[in-house]
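Since the structure comes first, as structure tokens, the remarks are kept for the end.
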Amino acid sequence: MRELAGTWKHHSGDFWGGFAAMLVALPASVAFGVSVYGAVAPHYAAFGALAGVLGAMALGLIAPTLGGTDRLISAPCAPAAAVLSAFAIEMVRQGISPGSIVLMLTVLGILTGIIQVLFGLTNIGRLIRYIPYPVVSGYLSGVGLIIISSQIPKLTGVDFEMTWLQVLLAPQLWDWRDIAIGLVTAITMALGGRFTKVVPATILGIAAGILAYAAIAVTDESLRQLDGNTLVIGELGTTGQGYLNLITDRWQDIGELKVAQIGGLVGSALTLAALLSIDTLKTCVVLDQLTRTRHDSNRELLAQGLGNIAAATIGGMPGAGTMGASMVNYSSGARTRISGVVEGVLTVITALLLGSFVAWIPVATLSGVLLVVGFRMIDTTPLRFLESRSTALDFTVVLAVVGVSLTVGLIAASAVGVILSIFLFLREQVGGTVIRRKSLVSERSSAWYRPEREMRILEEKGRSAPIIELQGSLFFGTAQQLYRALEPELQRADYLILDLRRVQSVDITAAHTLNVVGDVLAERKVPLLFANVSERLPNGRNLREFLELSGLDAGRPNVQYMPSLEAAIEWVESQLLGDVESVETHGETHDRPPLELHEIELFKGSKPDTLVDLEACLEKRSWKAGETIYQSGDTGSELMLIRKGQVKLVGAVGRSGAIKHIATLGRGDFIGGQAFLENRIRSSDAIATRDCDMYVLSVENYNLLAEDHKRIALVLMTKLARLLSIRLRHTNEELALLQDT
Numbered sequence: 011m012r013e014l015a016g017t018w019k020h021h022s023g024d025f026w027g028g029f030a031a032m033l034v035a036l037p038a039s040v041a042f043g044v045s046v047y048g049a050v051a052p053h054y055a056a057f058g059a060l061a062g063v064l065g066a067m068a069l070g071l072i073a074p075t076l077g078g079t080d081r082l083i084s085a086p087c088a089p090a091a092a093v094l095s096a097f098a099i100e101m102v103r104q105g106i107s108p109g110s111i112v113l114m115l116t117v118l119g120i121l122t123g124i125i126q127v128l129f130g131l132t133n134i135g136r137l138i139r140y141i142p143y144p145v146v147s148g149y150l151s152g153v154g155l156i157i158i159s160s161q162i163p164k165l166t167g168v169d170f171e172m173t174w175l176q177v178l179l180a181p182q183l184w185d186w187r188d189i190a191i192g193l194v195t196a197i198t199m200a201l202g203g204r205f206t207k208v209v210p211a212t213i214l215g216i217a218a219g220i221l222a223y224a225a226i227a228v229t230d231e232s233l234r235q236l237d238g239n240t241l242v243i244g245e246l247g248t249t250g251q252g253y254l255n256l257i258t259d260r261w262q263d264i265g266e267l268k269v270a271q272i273g274g275l276v277g278s279a280l281t282l283a284a285l286l287s288i289d290t291l292k293t294c295v296v297l298d299q300l301t302r303t304r305h306d307s308n309r310e311l312l313a314q315g316l317g318n319i320a321a322a323t324i325g326g327m328p329g330a331g332t333m334g335a336s337m338v339n340y341s342s343g344a345r346t347r348i349s350g351v352v353e354g355v356l357t358v359i360t361a362l363l364l365g366s367f368v369a370w371i372p373v374a375t376l377s378g379v380l381l382v383v384g385f386r387m388i389d390t391t392p393l394r395f396l397e398s399r400s401t402a403l404d405f406t407v408v409l410a411v412v413g414v415s416l417t418v419g420l421i422a423a424s425a426v427g428v429i430l431s432i433f434l435f436l437r438e439q440v441g442g443t444v445i446r447r448k449s450l451v452s453e454r455s456s457a458w459y460r461p462e463r464e465m466r467i468l469e470e471k472g473r474s475a476p477i478i479e480l481q482g483s484l485f486f487g488t489a490q491q492l493y494r495a496l497e498p499e500l501q502r503a504d505y506l507i508l509d510l511r512r513v514q515s516v517d518i519t520a521a522h523t524l525n526v527v528g529d530v531l532a533e534r535k536v537p538l539l540f541a542n543v544s545e546r547l548p549n550g551r552n553l554r555e556f557l558e559l560s561g562l563d564a565g566r567p568n569v570q571y572m573p574s575l576e577a578a579i580e581w582v583e584s585q586l587l588g589d590v591e592s593v594e595t596h597g598e599t600h601d602r603p604p605l606e607l608h609e610i611e612l613f614k615g616s617k618p619d620t621l622v623d624l625e626a627c628l629e630k631r632s633w634k635a636g637e638t639i640y641q642s643g644d645t646g647s648e649l650m651l652i653r654k655g656q657v658k659l660v661g662a663v664g665r666s667g668a669i670k671h672i673a674t675l676g677r678g679d680f681i682g683g684q685a686f687l688e689n690r691i692r693s694s695d696a697i698a699t700r701d702c703d704m705y706v707l708s709v710e711n712y713n714l715l716a717e718d719h720k721r722i723a724l725v726l727m728t729k730l731a732r733l734l735s736i737r738l739r740h741t742n743e744e745l746a747l748l749q750d751t
């Protein structure tokens with residue numbers, strides 16, 4: 011019993027929401043059906059009412075079951091009525107028989123559904139994700155204002171074909187009874203949520219409107235009759251009789267249509283499918299905005315397409331996810347897509363069994379409900395955009411969308427909003443900078459630990475090797491800015507490194523600009539190095555392949571592609587130091603003999619005889635290429651002097667624990683200096699990338715040496731501290747550079 015109560019509590023909002031949505035969607039569906047089939051022939055209006063009911067039923071049952079968008083109500087809608095009415099009128103003008111037109115309307119509905127299914131299967135629905143917030147906000151407010159303006163004539167009881175403005179300017183035509191009923195409904199709905207949560211405010215509003223009508227009817231006998239009573243919905247014109255006959259007769263006659271006639275429907279079906287798809291997805295976007303959820307556009311299009319196929323197959327009107335009914339559903343407490351199924355089921359039950367009850371619901375009551383819904387849809391958040399100049403233009407996008415939606419249409423409003431947002435985006439991109447940082451090789455260093463003498467050379471010569479880190483989108487709007495930023499370096503640089511790690515996209519204009527840069531440098535025989543050129547950008551493009559196709563192929567004498575910025579700096583360092591051999595060998599050949607102790611960088615300048623006692627404390631060890639010398643976390647604290655070979659240090663960096671290349675050391679260098687001084691565990695892995703011979707000094711042997719040869723021990727410690735200090739200072743300078751830009 012408790013579980014049953016919990017289930018009802020969880021889904022009661024779906025029931026009330028579906029019920030309220032049905033009260034809004036069913037009369038509208040009937041009206042849309044009548045408008046379409048009435049254009050075929052006057053006596054087909056009854057079929058139109060039935061088509062509206064069948065369409066609401068099929069869409070209400072299938073679309074929410076398969077679509078998955080919570081709170082979305084699908085039913086015959088205005089875009090479908092407009093396109094199909096125009097189609098029917100044109101067919102009548104061409105002299106086509108009413109029976110054939112009805113058959114063509116059926117086929118047109120089926121083709122529309124099939125095209126929507128194809129939209130979903132080909133992922134066209136994902137384009138809705140790129141609708142900017144100002145467009146969504148403007149669309150939301152525009153729909154709210156359209157709902158309000160469309161209900162003003164109904165609220166005032168004006169039956170003439172007049173616009174809302176004409177109605178407001180003609181108060182002598184107003185019917186106070188409609189106004190009273192509508193205002194009672196709207197006020198009750200607006201305030202109802204403050205007094206009770208058991209019954210949704212929408213239902214309370216409808217009940218209040220019916221009671222207000224009943225109170226007025228006590229003194230007005232004409233309101234107690236249905237015939238000729240314009241204050242109520244009236245007979246729906248649908249009964250169980252003829253449902254089956256309508257469907258079977260239509261499909262018996264479908265063979266009369268020729269293939270050419272069906273082919274001629276494809277254009278109209280494509281137009282209708284696009285309109286219904288946009289209408290549905292825009293409603294989904296608005297629901298996402300209100301409920302902070304995210305729908306699956308492609309799945310929804312697939313479901314809407316199948317719903318329209320089913321609706322047309324049984325003789326119903328095609329439709330879409332409708333804004334008005336969905337907003338009523340949401341306002342009435344619906345939480346899941348079950349509310350859509352409830353609406354579909356109640357549509358059939360109401361049309362068949364409760365048509366006489368629904369007939370007595372006042373038109374002004376439904377207008378009052380929709381007025382409150384319309385006011386609640388108006389998004390006032392963009393008013394804050396006016397507080398700053400930087401967002402004022404975004405507010406103009408919202409105004410443009412609202413303005414076009416009121417004067418032209420919602421589809422045109424969406425298009426205008428997207429176009430304006432694109433222009434604003436281009437403005438931001440052009441106004442930003444594509445240069446993230448400029449630095450010099452003299453200010454940066456590669457992963458190689460260089461001897462002090464070499465570092466001094468690089469500090470001098472590295473000023474002629476600029477490093478330019480690019481960022482963002484390189485396209486026609488920023489190509490000129492890119493060239494102006496690079497132009498000063500084209501005449502004075504001896505090497506130019508372009509780091510593309512933070513580049514998001516490159517178009518052909520920007521690629522051509524980079525090609526021009528390469529040509530100018532080639533005339534001076536200046537190498538152009540591209541670092542971090544991604545083979546898969548966020549847009550899926552292979553950047554390196556694209557640049558090479560644009561003329562910047564690696565076969566050009568002055569163009570090189572480097573896997574990382576460190577590798578590019580390392581290559582330039584080797585050139586500046588006069589080392590023309592492979593960077594990977596760090597200037598050494600395999601047949602060079604191991605260094606003696608006095609040739610190690612740490613002891614350069616020391617007399618060989620002063621190092622005899624120290625050498626006696628050292629252990630000679632060797633490692634093959636690929637072997638691990640030590641690992642992070644090891645407790646060893648030996649100082650290792652590289653006599654021959656090459657060692658790479660790698661370790662975990664940051665919270666992610668990603669393994670990064672920390673440094674590369676070669677012949678004459680040392681590793682393990684910090685662990686030796688601090689007597690702590692290793693902080694990185696050391697891997698021999700070439701066969702290595704080393705001198706190894708343990709802390710224990712050093713302590714023994716210090717007892718008998720304090721001078722030698724002091725010299726060792728002083729020089730070790732000095733080299734570590736130089737490295738630390740250089741690292742601090744690099745960090746300061748990176749933080750400053």
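In my numbering, the protein residues as written are 11 to 751. Here a beta-carbon is modelled for each residue, glycine too, at the ideal position from N, C-alpha and C.
Cutoff 7 Å; reference A521; Cβ partners in own chain excluding five residues on either side: Non-local beta-carbon contacts of A521 in its own chain, meaning distances under 7 Å to residues more than five positions away in sequence, involve F556, L557 and S560 in chain order.
Those residues which DSSP pairs with S735 across a bridge: Paired residue(s): none; S735 is not in a bridge.
Residues near L393 in its chain [Cβ-Cβ closer than 8 Å; skip 5 each side]: Cβ within range, chain order: F405.
Pairwise C-alpha distance: P461 and L4: The structure shown does not extend to residue 4, since the chain is modelled only from 11 through 751, so no value can be given for it.
Limits of the alpha helix (DSSP H) - the one that C294 falls within: Residues V276 to T301.
Status (buried if at least 16 other CB within 10 Å, exposed otherwise) for D718: Note on D718: under 16 other CB atoms within 10 angstroms of its CB, so exposed under the neighbour-count rule.
For N339 and A760, believed in contact at Cβ under 8 Å, the rounded distance: The shown model of the chain, from 11 to 751, leaves out residue 760, and the question about it has no answer.
DSSP three-state assignment for S515, whether helix, strand or coil: Assigned with DSSP and collapsed to three states, S515 falls in strand.
For G419, three-class secondary structure by DSSP: When DSSP states are grouped into helix, strand and coil, G419 belongs to the coil group.
Contact under 8 Å by Cβ, L236 with A369: In contact: L236 and A369 (Cβ atoms closer than 8 Å).
Reduced DSSP category for W458 - H, G, I as helix; E, B as strand; rest coil: Strand at W458.
Nearest candidate by alpha-carbon position, reference R692, set A35, L649, E545 and A91: Nearest C-alpha to R692: L649.
Beta-bridge partners of D695, as assigned by DSSP: Per DSSP, the beta bridge partners of D695 are V660.
Sufficient close CB pairs (3 or more, under 8 Å) joining the stretch 33-47 to the stretch 295-314: The stretch 33-47 vs the stretch 295-314: no contact.
For A685, the nearest candidate out of L730, I722, A668 and T212 (CA to CA): Checking every option, the nearest Cα to that of A685 belongs to L730.
Any 3 or more C-beta pairs closer than 8 Å across the stretch 319-326 and the stretch 156-171: As far as the Cβ criterion goes, the stretch 319-326 does not touch the stretch 156-171, which means the pair count is below three.
Residue from L137, Y571, A98 and L538 with nearest C-alpha to G119: Considering only alpha carbons, the answer is A98.
Euclidean distance between Cα positions of Y640 and F540: About 34 Å.
Span separating the alpha-carbon of A61 from that of L121: Each residue's alpha carbon lies about 17 Å from the other.
Three-pair Cβ contact test at 8 Å for the stretch 439-451 versus the stretch 181-198: At 8 Å Cβ cutoff, the stretches do not touch.
Stretch pair the stretch 396-411 + the stretch 129-138: three plus CB contacts closer than 8 Å: No contact exists between the stretch 396-411 and the stretch 129-138.
Spatial distance of S735 from V513 (CA atoms): The C-alpha of S735 lies about 36 Å from the C-alpha of V513.
Closest by C-alpha distance to I432, when choosing among L403, I445 and V527: Ranked by how close their Cα comes to the Cα of I432, the residues L403, I445 and V527 have L403 in first place.
First through last residue of the alpha helix (DSSP H) which encompasses F97: Membership of F97 in the alpha helix (DSSP H) is indicated by the continuous run A88 to R103.
Strand pairing of D703, partner residues [DSSP]: Assignment of beta-bridge partners to D703 by DSSP yields S632 and K654.
Cα-Cα separation between V383 and Y149, rounded to whole angstroms: Taking the straight line joining both Cα atoms gives about 15 Å.
The stretch 92-112 touching the stretch 336-356, judged by at least three CB pairs closer than 8 Å: Cβ pair count under 8 Å is below three, so no.
Supposed close pair V444, T488 - CB separation, criterion 8 Å: Between T488 and V444 the Cβ distance is about 5 Å, and since that is below 8 Å, they are a contact.
Of the listed residues L183, L275 and G215, nearest to I111 (C-alpha basis): Ranking L183, L275 and G215 by Cα distance to I111 puts L275 first.
Exposed unless 16 or more other CB atoms sit within 10 angstroms - verdict on F57: F57 comes out buried.
Selection from L193, R494, V414 and G325 that minimises the alpha carbon distance to T375: If we check each option's Cα against that of T375, L193 comes out closest.
Residue burial classification, E231 (beta-carbon count within 10 angstroms, cutoff 16): Burial call: exposed.
Neighbour flag for S642 against chain D, beta carbons, 8 Å: Among the protein chains of the structure shown there is no chain D, as only one such chain exists.
C-beta contact flag for A66 and P86 at 8 Å: Their beta carbons are under 8 Å apart, which means A66 touches P86 by this criterion.
Continuous alpha helix (DSSP H) stretch holding R494: start and end: Run containing R494: A489 to L500, per the alpha helix (DSSP H) assignment.
Residue(s) in a DSSP beta bridge with M3: Residue 3 falls outside the range modelled here, since the chain spans only 11 to 751, and no answer is possible.
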